[in-house]
Amino acid sequence: MRMLEEFFPEFTQKLDEIDQLYAEKRMIDEKTYQFICFALSIKARSKPCVLKHFKGALEAGATVKELSYIFALVMREAAGADDCWTHDVIGDWKEILKGNISCSCEK
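Using this note's numbering, the letters of the sequence shown correspond one by one to residues -15 to 91.
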């Protein structure tokens, strides 16, 4: 965000406003919020966010064991989702081999 803060500060200001709105309207407790953010951060592969929400969850009363469970859950669900999606995409693999299905990215 450093580049955005320098060259597009209006954008980062709006993100700060959104964060404030989330905090004001939050209908879940802090620990649950941190768990959700931790899980999303793992899936998004955001190291700073994983660290931020890991620490935030601990500060909200979470245990490392609970965070480990969430980590495992995200990894399992992500693998399942990736597996299902991939099977949908290449489900017609025999037709792909025959050349009957082409990628729109081919030129």
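Virtual Cβ for every residue (Gly too), placed ideally from N, Cα, C.
Item	Value
Nearest neighbour of L24, chosen from A46, E(-6), F55 [CA to CA]	F55
Integer-rounded CB distance, given that A46 should sit under 8 Å from Q4	Actually they are not in contact, since the Cβ atoms of Q4 and A46 sit about 24 Å apart, beyond 8 Å.
Whole-angstrom C-beta distance between I26 and V92, which should lie under 8 Å	No statement about residue 92 is possible, as the shown extent of the chain runs from -15 to 91 and does not include it.
Buried versus exposed, by CB contacts within 10 Å (16 or more), A7	exposed
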